[in-house]
Amino acid sequence: MLHNLFYPFDSIVVTPTKPIKMLPLPCSTTTSSFSAFPCTLNIINKFNYNKLIIMAVPPSSSSSSIHYDSLRVLEWDKLSDLVASFATTSLGREALKAQLWSLNRTYEESLRLLGETNAAVEMNKHGSCRLRFGHVDVMLVKAAIRQGRRSMPVNGYEARAVMALLQCAETLQGDLKVAIKEDKDWYSRFMPLTEVIMEFVVNRSLVKMIEQVIDEDGSVKDSASPALKQSRQQVRVLEGKIQQLMENLIRNERSESSILEVNKVDGRWCIKVNSGQKTSFNGLLLSSGSGVGSTIEPLSAVPLNDELQRTRTLVAKAESDVLLALTKKMHPDLDDIEKILKSLVHLDVINARATYGLSFGGSSPNMFLPDFNSPSKSEGNNKEWTLYLPKAYHPLLLQRHKENLQKAKKDVNVSSSAAAVENASPVPVDFLVSRKTRVIVITGPNTGGKTICLKTVGLAAMMAKSGLYVLASESARIPWFDSVFADIGDEQSLSQSLSTFSGHLRQISNIRLQSTNQSLVLLDEACVGAGTNPLEGAALGMSLLESFAQDGSLLTIATTHHGELKTLKYSNEAFENACMEFDEVNLKPTYKVLWGVPGRSNAINIAERLGLPSVVVDTTRKLYGSASAEIDEVITDMEKLKQDYQELLDGSRHHLMRSRELYNSLLDTKRKITEHGINLRYKKMRDVSEAAASARSILHKKVRQLSASAKLQPHNKTGKSSQLSATSSSPITIDKKEPTITDRKAPAVKNINQSSSGIFKDNETL
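See below:
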């Protein structure tokens with residue numbers, strides 16, 4: 001029953017804003033009527049004509065709730081809506097949203113989704129085979145299939161939608177065949193999309209019949225049947241007669257004060273008369289009102305109107321007969337039509353994922369199952385990383401920047417606005433986590449970008465798992481996480497009306513219970529030891545992170561202000577420090593991540609630069625302690641060294657990448673030169689062989705001619721003729737110095753033989 005309403009989905013994902021007990025849902029309703037947060041549906045196997053009774057049950061398990069809460073704080077719902085907007089059909093958009101919110105996905109399923117996306121990207125790059133289905137009204141096709149199953153006639157719009165679907169499938173299949181014919185490798189490069197497309201079964205006779213009987217506007221053509229053509233012709237004749245009658249009546253009644261106009265009421269021709277106006281003709285009062293006049297059907301028009309109504313009934317009957325015949329013609333193909341519809345929606349979902357990745361410059365992630373038993377890889381290979389995410393962008397920030405840039409370019413009044421917006425592009429972050437690291441502690445100032453970093457990693461992990469391209473500068477290496485847990489900000493505490501500390505502690509406790517050694521855990525600064533005594537909070541945060549490092553997750557990333565958490569790296573090799581860079585000259589964050597460097601407090605320096613009295617600043621430094629100041633100086637030096645190292649590393653990467661490009665270019669040029677040389681040699685051999693064959697053919701032809709003429713000569717001819725006759729009857733030998741047959745082609749044969757000898761030597765060399 002589920003497929004009768006929402007095929008081609010295997011499940012329905014809707015979100016009521018409040019718990020729903022019983023909900024009557026019309027067949028035309030889609031999941032867009034609800035918000036994006038999922039819940040479970042119990043389907044009652046009962047139809048009431050066009051209504052299906054369903055029951056929405058919120059997730060009962062705390063595990064599902066934690067998963068959905070985590071994705072919500074990561075703004076996965078917004079990203080899902082963005083990706084779904086790239087689908088060209090309504091069913092494709094809803095199917096993609098449901099797919100992105102499907103959490104019970106295995107590693108193999110994720111690889112399959114990525115393979116589909118890669119194939120769609122290749123197909124889009126090829127250009128000749130485009131996956132575009134926006135002109136197909138899938139809802140009308142669904143309605144046509146439903147009508148056909150019930151043996152009820154489809155309407156013209158539904159029939160045209162079916163025709164558009166079949167034509168789209170046929171065009172797509174034809175384009176794919178042409179692409180494969182040009183290059184056989186495309187069949188494997190387009191896999192698994194090729195299997196889906198090549199399975200389309202299109203009934204051309206059905207398409208032709210729909211074209212013959214249904215017009216572009218969805219109306220039945222006059223030529224669909226003789227009865228329909230005759231009835232419509234009769235309707236036009238009757239309407240002409242009635243119109244002429246009405247014009248004559250109005251002409252007779254026309255005066256300066258009278259305003260009469262022809263009107264129609266329920267398909268019957270009548271005349272609208274002003275209030276209080278008298279007419280010379282008798283008629284039936286159909287309607288009247290104060291200040292709006294009266295509508296009168298003249299008695300002389302009643303017989304014509306009656307006949308017109310009967311004729312229109314005949315027209316409707318003839319149209320219904322045509323549509324019923326069309327439905328019967330369609331009935332044997334309903335299974336194929338439904339299969340094509342499901343396949344096109346499936347292709348639309350895949351193409352939406354690919355189009356999103358291409359539009360935002362994403363790259364296909366290298367997803368893997370972590371294996372800590374395997375030995376470490378060599379330096380420089382990204383397989384040494386648990387997480388390799390270079391120059392990664394937050395997808396929603398990049399989308400917002402793209403929208404702002406488009407708006408600025410449209411603003412012709414402000415020429416510099418586009419350049420200003422382009423310069424304010426989001427800052428990418430680098431996440432290169434080594435295999436031995438299990439917990440990352442990120443420190444830095446408020447509004448420095450720590451939370452954005454957490455969300456960027458969390459969204460990248462979910463995107464890779466869902467078959468989406470990751471918005472990174474190069475192919476990212478991302479482990480397959482069974483779950484992504486996040487506790488960011490005050491979302492949980494506010495929703496449960498609990499204190500900040502209690503709310504986050506409960507959420508973290510649930511995360512710790514549900515997480516496994518294949519999970520990704522993201523903890524914001526507000527949730528690690530926040531809302532309580534700083535010393536107790538720091539101790540709690542340290543023990544909590546050590547618990548995650550031991551067996552609580554594959555990777556935990558936490559942001560904090562507690563300085564004590566920075567020291568965990570020096571006692572546990574599973575920990576790594578990172579901080580958000582801060583520009584002390586301009587007093588603003590740079591939003592860049594510095595790895596291996598613990599963050600430091602900038603409050604005193606910022607206060608001094610902002611003009612706080614020097615007495616207060618000096619007293620603050622004394623209270624803060626000289627030891628802490630020395631530590632800050634050491635950290636400053638480390639940050640400077642880290643920046644210098646990063647600049648050198650970026651430069652070396654650039655030169656290495658450029659060297660690889662040049663090396664690949666040289667290899668490609670060498671290959672082309674080699675292929676060109678081989679092609680020239682084969683061409684020369686082929687030309688010489690053809691010339692030699694032509695010369696031999698001419699030579700044999702001349703010999704046959706001479707032999708034939710010699711036989712016709714009398715035996716008592718001159719010695720020269722006898723010699724020619726004797727020569728023709730014996731095997732002919734060609735001497736290089738003195739050719740037996742004197743012919744202008746003989747030198748050519750000699751040259752050809754010499755050239756052939758040289759070519760054969762070249763061939764032996766090859």
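Quick note: the sequence shown uses the UniProt record's numbering, first residue 1, plus one each step. Beta carbons are placed, not taken as given, at the ideal position from N, Cα and C, and that holds for glycine. Because the structure is a prediction, the values reported are computed rather than measured.
State the Cα-Cα distance for the pair residue i and residue j, rounded to the nearest angstrom.
| i | j | result |
| --- | --- | --- |
| methionine 191 | serine 689 | 43 Å |
| glutamate 573 | phenylalanine 133 | 53 Å |
| glutamate 75 | tryptophan 480 | 20 Å |
| arginine 268 | glycine 92 | 45 Å |
| valine 433 | leucine 623 | 37 Å |
| glutamine 309 | proline 226 | 19 Å |
| isoleucine 214 | leucine 249 | 38 Å |
| tryptophan 101 | lysine 465 | 11 Å |
| glutamate 474 | leucine 656 | 14 Å |
| threonine 559 | isoleucine 442 | 5 Å |
| valine 345 | serine 515 | 35 Å |
| phenylalanine 485 | glutamine 507 | 10 Å |
| lysine 672 | leucine 662 | 15 Å |
| valine 73 | isoleucine 488 | 6 Å |
| threonine 40 | methionine 462 | Note that threonine 40 has pLDDT 37, beneath the 50 cutoff, so the model's placement of it is unreliable and the number below is only indicative. Each residue's Cα considered, the two are about 21 Å apart. |
| tyrosine 187 | isoleucine 180 | 6 Å |
| valine 429 | leucine 513 | 30 Å |
| asparagine 124 | lysine 402 | 22 Å |
| asparagine 517 | serine 509 | 16 Å |
| isoleucine 511 | leucine 523 | 10 Å |
| tyrosine 388 | serine 519 | 16 Å |
| aspartate 650 | aspartate 644 | 10 Å |
| glutamate 158 | aspartate 69 | 41 Å |
| isoleucine 557 | arginine 477 | 17 Å |
| residue 768 | glycine 174 | The structure shown has nothing for residue 768, since the chain only spans 1 to 766. |
| glycine 361 | proline 426 | 14 Å |
| glycine 293 | aspartate 81 | 53 Å |
| histidine 561 | glycine 444 | 7 Å |
| isoleucine 698 | alanine 692 | 10 Å |
| leucine 666 | threonine 117 | 32 Å |
| alanine 408 | lysine 78 | 23 Å |
Specify, as a first and last residue, the run of the alpha helix (DSSP H) that residue i falls within.
| i | result |
| --- | --- |
| asparagine 252 | 226–253 |
| serine 359 | 334–359 |
| valine 470 | Element bounds for valine 470: n/a, residue is neither H nor E. |
| glutamate 297 | From DSSP, glutamate 297 is part of no alpha helix (DSSP H) but of the beta strand (DSSP E) over 293–298. |
| proline 395 | 395–410 |
List the endpoints of the continuous beta strand (DSSP E) containing residue i.
| i | result |
| --- | --- |
| asparagine 577 | 575–583 |
| proline 365 | Proline 365 -> no beta strand (DSSP E), and no H or E assigned at all. |
| asparagine 263 | 261–265 |
| tryptophan 385 | 385–392 |
| tryptophan 269 | 268–273 |
| alanine 318 | First-last for alanine 318: 302–330, but that is the alpha helix (DSSP H), not the beta strand (DSSP E). |
| alanine 424 | Taken as a continuous stretch (DSSP letters only), alanine 424 belongs to no beta strand (DSSP E), as it is neither H nor E. |
| aspartate 185 | Aspartate 185 -> not in any beta strand (DSSP E); alpha helix (DSSP H) instead, spanning 185–189. |
| residue 767 | The question about residue 767 has no answer, for the chain in this structure spans 1 to 766. |
| serine 483 | 483–487 |
| valine 207 | Careful: valine 207 lies outside any beta strand (DSSP E), inside the alpha helix (DSSP H) at 204–213. |
If residue i and residue j are in contact, beta carbons under 8 Å, what's the gap, nearest whole angstrom?
| i | j | result |
| --- | --- | --- |
| glycine 283 | valine 220 | With 8 Å as the limit, glycine 283 and valine 220 do not qualify as a contact, their Cβ atoms being about 34 Å apart. |
| valine 349 | alanine 95 | 5 Å |
| proline 395 | leucine 459 | 6 Å |
| serine 287 | threonine 295 | 5 Å |
| alanine 578 | leucine 594 | 6 Å |
| threonine 437 | phenylalanine 86 | Between phenylalanine 86 and threonine 437 the Cβ distance is about 35 Å, and since that is not below 8 Å, they are no contact. |
| serine 343 | valine 196 | 5 Å |
| valine 457 | serine 363 | With a Cβ gap of about 16 Å, valine 457 and serine 363 do not count as contacting. |
| leucine 341 | leucine 165 | 6 Å |
| glutamate 576 | isoleucine 440 | 5 Å |
| Residue ranges of each beta strand (DSSP E) run of no fewer than 3 residues wholly in the region 533–620, ordered along the chain? | 555–559, 575–583, 588–595
| Whole beta strand (DSSP E) elements within the region 83–110, 3-residue minimum | none
| Along the chain, which unbroken stretches of the alpha helix (DSSP H) at least 4 residues long are found entirely within the region 137–178? | You should have 138–149.
| field | Three-pair Cβ contact test at 8 Å for the region 122–138 versus the region 293–309 | value | In short, these stretches do not touch, since the Cβ pair count stays below three.
| Quick check: the region 296–306 against the region 198–211, are there 3 or more CB pairs under 8 Å? | Flag = no, the region 296–306 and the region 198–211 do not touch.
| query | Hey, is the region 563–579 in contact with the region 536–548, meaning 3+ C-beta pairs nearer than 8 Å? | reply | yes
| Counting Cβ pairs closer than 8 Å, one from the region 153–171 and one from the region 325–336, do we hit at least three? | yes
| field | Continuous beta strand (DSSP E) assignments of at least 3 residues falling wholly in the region 628–710 | value | none
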